[in-house]
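Q: Sending over a structure as structure tokens; questions will come in a sec.
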Amino acid sequence: MTELGTSRVAVYLDFDNIVISRYDQLHGRNAFQKDRTAGFHKRPGRLAEATVDVGAIIDFASSFGTLVLTRAYADWSADVNAAYQDQLVARAVDLVQLFPAAAYAKNGADIRLAVDAVEDMFRLPDLTHVVIVAGDSDYIPLAQRCRRLGRYVVGIGITGSISRSLTAACDEYVSYDALPGVPVAQPPAKKPRKKTAAEAAEPEPPDPQATATALLERAMRIGHEKDDADWLHNSAVKAQMKRMDPSFSERSLGFKSFSDFLRSRGDIVELDESSTTRMVRLRERS
């Protein structure tokens with residue numbers, strides 16, 4: 004019998020998505036498709052460098068509660084995926100076979116995963132959390148449906164292949180690189196080249212550090228206005244930042260803790276560490 008108040012978690016991995024995205028993250032855009040077509044044996048070592056730590060993903064998912072089911076969707080006859088079978092089975096992951104038929108080569112995993120997840124929510128009414136391991140924007144409707152049905156939705160994806168809209172559709176979104184035990188990936192060096200007219204017209208991507216600073220200041224102002232208090236609990240501030248931007252992670256910005264992140268923004272906030280309950284407030288500007 005399930006104990007009252009126990010969190011119960013379902014995990015769904017679009018395995019092809021994360022394997023391909025990790026490979027491209029380390030070796031360059033569309034590198035997986037190019038190397039697969041040419042033969043991975045021609046670029047020895049690149050697959051090993053891009054190995055996905057499945058254990059890190061499952062361990063993080065378990066931090067939300069008891070894992071009641073974990074499913075991974077892929078074509079398991081492909082050698083790249085088959086190499087993971089033993090460690091997946093060892094972690095009690097249910098391997099769902101997707102056949103490489105042209106009719107659903109693009110959205111096979113998306114559709115099957117979404118159908119299973121919705122069915123599971125009705126079949127298991129005590130399911131409290133849904134973890135979607137993918138970065139594809141095709142999962143936005145699923146994340147929205149899960150939230151409407153009262154589940155807490157967590158997304159996990161590979162940096163560089165994460166849909167911004169998907170992060171907004173989740174309650175919490177974490178990049179794979181930010182998971183405990185996963186080394187931060189070093190993207191491949193880009194050869195300088197002349198931009199096309201279309202690329203030159205595109206705005207530069209926002210600086211993640213500046214974006215995080217603006218997010219912090221906005222969360223602080225909301226907290227001060229809402230609570231009418233001089234000092235705010237730093238955990239409450241982080242929770243508000245995560246609600247506004249589920250992809251926020253101090254680790255992905257290079258900080259070991261949220262307190263370290265706050266200390267780095269000393270010109271914006273003041274941190275009181277005189278007790279175990281750390282408090283923070285906006286600095287007064289002259």
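Position 258, counted from 1, in the sequence shown is what the working numbering calls 261; the numbers after and before it change by one each time, with no gaps. Each residue gets a CB set at the ideal place from its N, CA and C atoms; glycine is no exception.
Checking the sheet assignment: what are the DSSP bridge partners for Ala13?
A: In DSSP, Ala13 forms a bridge with Leu72, Val133.
Q: Where do the N-terminal and C-terminal ends of the beta strand (DSSP E) with Asp275 fall, by residue?
A: 272-275
Q: So Arg284 is in the beta strand (DSSP E); what residue range does that whole segment cover?
A: Arg284: member of the beta strand (DSSP E) spanning 282-285, first to last residue.
Q: Alpha carbon to alpha carbon, what distance is there between Ala93 and Ala106?
A: In this prediction, Ala106 has a pLDDT of 45, which is less than 50 and means its spatial position is unreliable; nothing more can be read from the coordinates.
Q: So, with DSSP's three-state summary, where would you put Leu145?
A: helix
Q: Would a C-beta distance cut-off of 8 Å place Val134 and Ala64 closer than the cut-off?
A: The answer is yes: Cβ separation under 8 Å.
Q: Could you check whether the segment 238-246 touches the segment 207-226, counting it as contact only if at least three pairs of C-beta atoms, one from each stretch, sit closer than 8 Å?
A: yes
Q: With DSSP as the reference, please indicate the residues paired to Glu175 in a beta bridge.
A: Val157
Q: Go ahead and pull the three-state DSSP assignment for Val99.
A: strand
Q: Between Val121 and chain C, is there a C-beta pair that is closer than 8 Å?
A: No chain C is present in this structure, which holds just one protein chain.
Q: Name the one or two DSSP bridge partners that Leu235 has.
A: Val283
Q: Inspect the beta-carbon positions of Val185 and Ile159 and report whether they are closer than 8 Å.
A: no
Q: State yes or no: is the C-beta of Phe251 within less than 8 Å of the C-beta of Ala217?
A: For Phe251 and Ala217, no; Cβs fall outside 8 Å.
Q: In three-state DSSP terms, what is Ala77?
A: strand
Q: Which ranges would you report for the alpha helix (DSSP H) in the segment 18-49 if only whole runs of at least 4 residues count?
A: 18-30, 34-41
Q: Cα-Cα, which of Gly153, Asp270, Arg266, Asp119 is closest to Leu16?
A: Asp119
Q: Should Phe125 be labelled buried (16 or more other beta-carbon atoms within 10 Å of its own) or exposed?
A: exposed
Q: Determine contact between the segment 167-176 and the segment 138-147, defined as no fewer than three beta-carbon pairs at a distance below 8 Å.
A: yes
Q: First and last residue of the alpha helix (DSSP H) that includes Glu228?
A: 211-230
Q: Return the Cβ separation of Trp234 and Val283 in integer angstroms, given the expectation that the two are a contact with Cβ distance under 8 Å.
A: Distance from Trp234 to Val283 at the Cβ level is roughly 7 Å; contact confirmed, criterion being Cβ atoms closer than 8 Å.
Q: Please return the same chain residues whose Cβ sits closer than 6 Å to the Cβ of Arg25, not counting the five positions on each side in sequence.
A: Ala53, Val55, Ile161
Q: Comparing alpha-carbon positions, which option in Gly163, Asp263, His227 lies nearest Arg286?
A: His227
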